[in-house]
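Undergrad:
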Amino acid sequence: MMYSIHQSLANRVRYIQSMRAVCLFLVVLCICFAQTRSLTDVEVQRIHRSTLLIDTHNDITSRTVDGYDIGKNKSDGHTNITSLKEGGVGAQFFAVYVAPDYVKGNRSAHRTLEMIDTVRHGIVERYPNDFTLATTAADIERIHKQGKIAALMGIEGGHAIEDNLGLLRDYFDLGIRYMTLTHTNTNSWADSSGDMDKAGMEHHNGLTPFGKQVVREMNRLGMMIDISHTADKTFWDALAVSNAPIIASHSSCRALCNVPRNMTDEMIAALGKKGGVIQINFNCGFLSERSAAAAKNVQGSTMPGAQGEDATIAEYRKKVPPATLEDVVAHIDHAVKIGGIDAVGIGSDFDGVFCTPSGLEDVSKFPNLTRALLEKGYSEDNIRKIYGGNTLRVMRAVEAEAKREQEN
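This is the structure:
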C-alpha cells in the first residue's frame, strides 16, 4: 500500500514537471515566433501610421536659424518636411539650443529669442500647411487629427534664463514647454555631466537653492523638467524637488553604453516610478560602446567657423563606426525592462549629432524602427506608448500640476 502511494506521488510530480516543460516550450516558441514572424511593408506602414509619433528632440533649428529651408528636399541633413512626412512624425519638439559660448557677455537670452523665432517663423509661419504650433497635449492630438505636424519647443541649456525666473516665465509665454537644466556646461545653479571631470571647474553637488527654485517655478508654469545632460546628482535633486514627472528628452542607457550622458538603471527605475520618461537618443556614441570608444579619438578642428565644423564631422564619420537599428531596439528594450513600458519614448537628436544608426539615418526611416520593434515582440499598443502615448501622459501630468499650483 505504501509503495503504491509513493508511486502515485512520483507519477504526479513527473506529470507536473512535464507540463511545466511543455508550457515553457510554448512560451519560448511564442517569443521566437514573435521575433521572427514575417511582416509585410503594408502591415508595418499600417501600424506605424496608427501611432502618434512624438520626437522630443530635433536640432534642425541650429540650421534654420542660419537660413536653412526645412521645406527643401536635401540630402545634407536628417530633417526636412518631406522626410518628416515619410517618417510619420506627428509632433516634433524643436530644440531651442543655446551653446555654452553664449554665456560670455550675457548673450544667452538673445540667442534663445533667435532660436524661438526660427521655430515660430522660420518653420511654422513659413509652412502653415504643414506645421501648427502646439503648447499642450490636447493641441498635439488636435493638430495630428488635422493631418499636420505639431511643432513644439524645448530649451536646451538652463543658462538660457540668465539666472532670472522672469525670463523663464517669458519663454513659457512664447511657447517653451521643456527646459534641459544644463547643456555640457555646469551653469551657476546646476551641475552638468559634461564637465564633472574638468580640472578647476567649480561644482554645486547637484542643484543650488536657486536651481531648486527653477524646478519649482517650472512646475508652477507647466514646463517639463528635462535632465538630459545633467550630472547624476542634479538628476536626483530635480527628481526629489519636482512635484510633476520629469523627462530625459534625449538620453539612452548607461548599462549598454557607459557614457555620462546616459542614465543608469537606478535612475531609469526612479524616473519611471515617478511617472517620467527616458526618450532614447539615436547618437551612435550613446548607443554603442564601439562607437563611443572610437569617438574619443576624434579631435576638434582648428579651422574656424562652418569649415571647422565640417572638418570635424568628416573626421568623425571616417573614424567612428555607426551604431545599428538593433542597438536602438536594445536600448528601448533595456529601458522598458528597467523602468516599465510607460517610462520610454523617443528623442532622436537628429541634426544635432554627427552619426546616426544604420537603418535610422534620418527622420524618414522611423518605419524601420516600427518593424524592428514588432519583430522583437512589441505589441501595437506598446509601440504607441513608446512613440507618443507616454509623452502625452507626462505632458498632461505637468499641465495638471501647474493648474493645481496656480489655483492654490
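Take the sequence shown: its position 48, counting from 1, is numbered 30 in my numbering, and each next residue is one higher. For glycine and all other residues, C-beta sits at the position ideal for the given N, C-alpha and C.
Answer yes if the region 82 to 89 comes into contact with the region 125 to 135, meaning at least three C-beta pairs across the two stretches below 8 Å, and no otherwise.
TA: no
Undergrad: In angstroms, rounded to a whole number, what distance separates the CA positions of residue 247 and residue 352?
TA: 24 Å
Undergrad: Do three or more CB pairs link the region 174 to 186 to the region 336 to 355 at distances below 8 Å?
TA: no
Undergrad: Indicate the three-state DSSP secondary structure (helix, strand or coil) for residue 89 in the structure shown.
TA: Reduced to three states, the DSSP call for residue 89 is coil.
Undergrad: So for residue 296, helix, strand or coil by DSSP?
TA: helix
Undergrad: How long is the line joining the alpha carbons of residue 101 and residue 323, rounded to whole angstroms?
TA: 31 Å
Undergrad: As an exercise, report each continuous beta strand (DSSP E) stretch of at least 3 residues that is fully enclosed by the region 234 to 276, in chain order.
TA: 259 to 262
Undergrad: Anyone know if the C-beta pair for residue 327 and residue 294 falls short of 8 Å?
TA: no
Undergrad: Give me the Cα-Cα distance between residue 242 and residue 268, rounded to the nearest whole angstrom.
TA: 9 Å
Undergrad: For residue 232, which of helix, strand or coil comes out of DSSP?
TA: coil
Undergrad: According to the Cβ coordinates, are residue 159 and residue 183 closer than 8 Å?
TA: no
Undergrad: Answer with buried or exposed for residue 316, where buried requires no fewer than 16 other C-beta atoms within 10 angstroms of its C-beta.
TA: buried
Undergrad: Can you list, in chain order, the residues of its chain whose CB lies under 7 Å from that of residue 301, leaving out five sequence neighbours each side?
TA: 276, 279 and 280
Undergrad: Helix, strand or coil for residue 13? Go by DSSP, reduced to three states.
TA: Any reading at residue 13 needs caution, since the residue's pLDDT is 46, under 50, leaving its predicted position unreliable; the model's value is listed next. Correct three-state label for residue 13: helix.
Undergrad: Check for me: the beta strand (DSSP E) holding residue 76 runs from which residue to which?
TA: 71 to 79
Undergrad: Measure the C-alpha to C-alpha separation of residue 89 and residue 168 and round it to an integer number of angstroms.
TA: 17 Å
Undergrad: Looking only at DSSP bridge pairs, what is residue 120 linked to?
TA: Per DSSP, none; premise fails for residue 120.
Undergrad: Please identify the residue among 191, 250, 251 and 236 whose C-alpha is closest to the C-alpha of residue 223.
TA: 191
Undergrad: Give the straight-line distance between the Cα atoms of residue 117 and residue 157, rounded to the nearest whole angstrom.
TA: 6 Å
Undergrad: Short check: CB of residue 376 to CB of residue 97, under 8 Å?
TA: no
Undergrad: For residue 362, which residues in the same chain have their Cβ closer than 6 Å to its Cβ, ignoring the five residues on either side in sequence?
TA: 29
Undergrad: DSSP puts residue 212 in a beta bridge; with which residues?
TA: Paired residue(s): 174.
Undergrad: Between residue 404 and residue 76, how many whole angstroms is the CB-CB distance? I'm expecting something under 8 Å.
TA: Given that the chain is displayed from residue -17 to residue 390, the structure contains no residue 404 and the question cannot be resolved.
Undergrad: Check the DSSP bridge columns for residue 131 and list the partner residues they point to.
TA: 113
Undergrad: With the cut-off set at 8 Å, would you say residue 40 and residue 64 are in Cβ contact?
TA: no
Undergrad: Residue 338 lies in the alpha helix (DSSP H); which residues open and close that run?
TA: Residue 338 -> no alpha helix (DSSP H), and no H or E assigned at all.
Undergrad: When burial is assigned at 16 or more other CB atoms within 10 Å of the CB, is residue 227 buried or exposed?
TA: buried
Undergrad: Buried or exposed: residue 290, going by 16 or more other Cβ atoms within 10 Å of its Cβ?
TA: exposed
Undergrad: When you compare each of 152, 146, 111 and 155 to residue 393 by their alpha carbons, which one comes out closest?
TA: Lying before the first or after the last residue shown, residue 393 is absent from the chain, which here runs from -17 to 390.
Undergrad: Determine the direct distance from the alpha carbon of residue 21 to that of residue 15, and round the result to whole angstroms.
TA: The predicted position of residue 15 is uncertain, since its pLDDT is 44 and thus under 50; no value can be drawn from it.
Undergrad: At which residue ranges does the region 333 to 390 contain complete alpha helix (DSSP H) runs of 4 or more residues, listed in the order of the chain?
TA: 348 to 358, 362 to 366 and 372 to 389
Undergrad: Could you check how far apart the C-beta atoms of residue 45 and residue 333 are, in whole angstroms? I think they sit under 8 Å.
TA: 7 Å
Undergrad: For a test of the three-state rule: what should DSSP assign to residue 138, helix, strand or coil?
TA: strand
Undergrad: If you draw a straight line from the alpha carbon of residue 254 to that of residue 286, how long is it in whole angstroms?
TA: 43 Å
Undergrad: Would you kindly work out how many angstroms separate the C-alpha atoms of residue 320 and residue 313, rounded to a whole number?
TA: Each residue's alpha carbon lies about 11 Å from the other.
Undergrad: Looking at residue 164 and residue 216, is the spacing between their C-beta atoms short of 8 Å?
TA: yes
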